[in-house]
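**Q**
There are 2 protein chains.
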Amino acid sequence: MIKVLRLGHRAGRDDRISTHVGLTSRQWGADEIVYSGERDKSMMESQEDIIDRWGGDFEVSYTEEWRKVIKEFDGLKIHLTMYGERIDEKMDEIKEESEEQDLLVIVGAEKVPRWVYLNVDYNISVGNQPHSEIAALAVFLDRYQDNEIKEEFEGADIEVEPSEDRKITREK
Amino acid sequence: MIKVLRLGHRAGRDDRISTHVGLTSRQWGADEIVYSGERDKSMMESQEDIIDRWGGDFEVSYTEEWRKVIKEFDGLKIHLTMYGERIDEKMDEIKEESEEQDLLVIVGAEKVPRWVYLNVDYNISVGNQPHSEIAALAVFLDRYQDNEIKEEFEGADIEVEPSEDRKITREK
């Protein structure tokens, strides 16, 4: 099981970024995203509408108590940050350690409290330059899943037929 | 040489997403990003401030004439879209074909005109679900570069020292 925790959401300013964080988690096979920071019902609802239509049982929820989510998670806890140890040097170890454990992946918005750095198993950088928590999460999950991108989403109303040069969707 | 073209930027609504697209391109070794859609000076300037501080010679520019950028590009042209052919099935071919050619990677915002699909060499999907152009771009570039994440940025004022549990930066 893979759970993603998004810290420090700011309504308005972060709504599209946080939506992308959720949908990226879903595409790479995570089971669940938990948002923290400001409660943003409309961001979560519009994401749930997409999920209803495109299928799968990805769960979206909100909590104020993000410290508790981290503390009480029974499994391997990874915080993605540009300040962390390099992904290249740690991925094998992470894969091995999480083989029989669940995985919690944490991504922050602008400022992440020091507490997070100290209460996870790994602080991992996907590049040490300022870029994007969406990019970091996508590449982390892509490598973690050995380049497996999830294709089947149960109960979908719609799916894409991959095409060379046009948009083809099938209503199901 | 890798150039990224961002289509259909909408000022305000897309500013953070488009900034992440630019910085992600830079992190994975692209040379240049060209924005199209609405001209957004403040988005571009704040990105240039980050680049000045963190180094490298990544170029940021704007054009109204995005069709011309595509038409006149001398090299391999890839459009990333959830409707395209699967990355797994095409990456080897793309790597081979671009060995002695420059690469143009195109990512859109909401609606991409059919013209784009017809005027590129490949329409490629990084997953066929709705998620994020930032995630698609990051994973495409990560795989294209054989998991090489760029580490050296010339002329940087600041750099990160990767750490197990804290933020360490060096002023240079």
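Listed in order, the protein sequences are those of chains A and B.
Residue numbers 145 to 316, in my numbering, belong to the letters of the first sequence in order.
Residue numbers 145 to 316, in my numbering, belong to the letters of the second sequence in order.
Built from N, CA and C at the ideal position, the CB exists for glycine as well.
(1) Please report the straight-line C-alpha distance between A280 of chain B and T168 of chain A, rounded to a whole angstrom.
(2) Taking Cβ-Cβ distances shorter than 8 Å, what residues in chain A pair up with E203 of chain B?
(3) Can the beta-carbon of A253 of chain A be found closer than 8 Å to that of G181 of chain A?
(4) Return no unless some Cβ of chain B is closer than 8 Å to the Cβ of L262 of chain A.
(5) Counting contacts by CB-CB distance shorter than 8 Å, is E360 of chain A in contact with chain B?
(6) Please list the partners that D184 of chain A has in chain B, where partner means a Cβ-to-Cβ separation under 8 Å.
(7) To be precise: take each residue of the stretch 189-223 of chain B, compare its Cβ to all Cβ atoms of chain A, and keep it if any distance is under 7 Å. Which residues remain?
(8) Pull up the CB-CB distance for I278 of chain A and S276 of chain B, whole angstroms please, since I reckon it's below 8 Å.
(9) Is it true that the CB of K316 of chain A sits closer than 8 Å to the CB of I302 of chain A?
(10) Would H153 of chain A count as contacting chain B if we go by Cβ distances under 8 Å?
(11) Pull up the CB-CB distance for V249 of chain A and I222 of chain A, whole angstroms please, since I reckon it's below 8 Å.
(12) If you draw a straight line from the alpha carbon of S186 of chain B to that of E244 of chain A, how long is it in whole angstroms?
(13) Check whether the stretch 230-243 of chain B touches the stretch 198-212 of chain B, counting contact only when three or more Cβ pairs, one atom from each stretch, lie closer than 8 Å.
(14) Less than 8 Å between the beta carbons of M226 of chain A and G299 of chain A, yes or no?
(15) Closest Cβ-Cβ distance between S162 of chain A and chain B: below 8 Å?
(16) If we count the other Cβ atoms within 10 Å of its Cβ and call it buried at 16 or more, is T207 of chain A buried or exposed?
(17) Counting only C-beta atoms, is M226 of chain A closer than 8 Å to chain B at any point?
(18) Using a beta-carbon distance cut-off of less than 7 Å, what residues from the stretch 275-286 of chain A approach chain B?
**A** According to the structure shown:
(1) If you number the second sequence from 1, residue 280 of chain B lands on position 136. If you number the first sequence from 1, residue 168 of chain A lands on position 24. Here the alpha carbons of T168 of chain A and A280 of chain B stand approximately 9 Å from one another.
(2) On the second sequence, position 59 is the one that residue 203 of chain B refers to. Those within 8 Å of E203 of chain B in chain A number zero; the least Cβ separation is about 16 Å.
(3) Your numbering for residue 253 of chain A matches position 109 in the first sequence. Your numbering for residue 181 of chain A matches position 37 in the first sequence. Taking 8 Å as the Cβ cut-off, A253 of chain A and G181 of chain A qualify as a contacting pair.
(4) Indexing the first sequence from 1 puts residue 262 of chain A at position 118. With 8 Å as the cut-off, L262 of chain A counts as an interface residue toward chain B.
(5) There is no way to answer for residue 360 of chain A, as the model of chain A reaches only from 145 to 316.
(6) The residue you call residue 184 of chain A lines up with position 40 of the first sequence. None at all; the shortest Cβ gap to chain B is about 15 Å.
(7) I194 and W198
(8) For this step, residue 278 of chain A is matched to residue 134 along the first sequence. For this step, residue 276 of chain B is matched to residue 132 along the second sequence. Going by Cβ atoms, the distance from I278 of chain A to S276 of chain B rounds to 5 Å, so yes, they are a contact pair.
(9) Position 158 of the first sequence, counted from the first residue, corresponds to residue 302 of chain A. Position 172 of the first sequence, counted from the first residue, corresponds to residue 316 of chain A. Yes.
(10) Here residue 153 of chain A is taken as the residue at index 9 of the first sequence, counted from 1. With 8 Å as the cut-off, H153 of chain A does not count as an interface residue toward chain B.
(11) For this step, residue 249 of chain A is matched to residue 105 along the first sequence. For this step, residue 222 of chain A is matched to residue 78 along the first sequence. Sure, about 5 Å apart at Cβ, within 8 Å.
(12) Residue mapping note: residue 186 of chain B aligns to position 42 of the second sequence, counting from 1. Residue mapping note: residue 244 of chain A aligns to position 100 of the first sequence, counting from 1. The C-alpha of S186 of chain B lies about 47 Å from the C-alpha of E244 of chain A.
(13) no
(14) One-based indexing of the first sequence puts residue 226 of chain A at position 82. One-based indexing of the first sequence puts residue 299 of chain A at position 155. Cβ distance not < 8 Å, so M226 of chain A and G299 of chain A don't count as in contact.
(15) Within the first sequence, residue 162 of chain A is the residue found at index 18, counting from 1. Closer than 8 Å: no.
(16) For this step, residue 207 of chain A is matched to residue 63 along the first sequence. So T207 of chain A counts as exposed.
(17) Taking the first sequence and counting its residues from 1, one reaches residue 226 of chain A at position 82. Yes, contact with chain B.
(18) H275, S276, I278, A279, A282, V283 and D286
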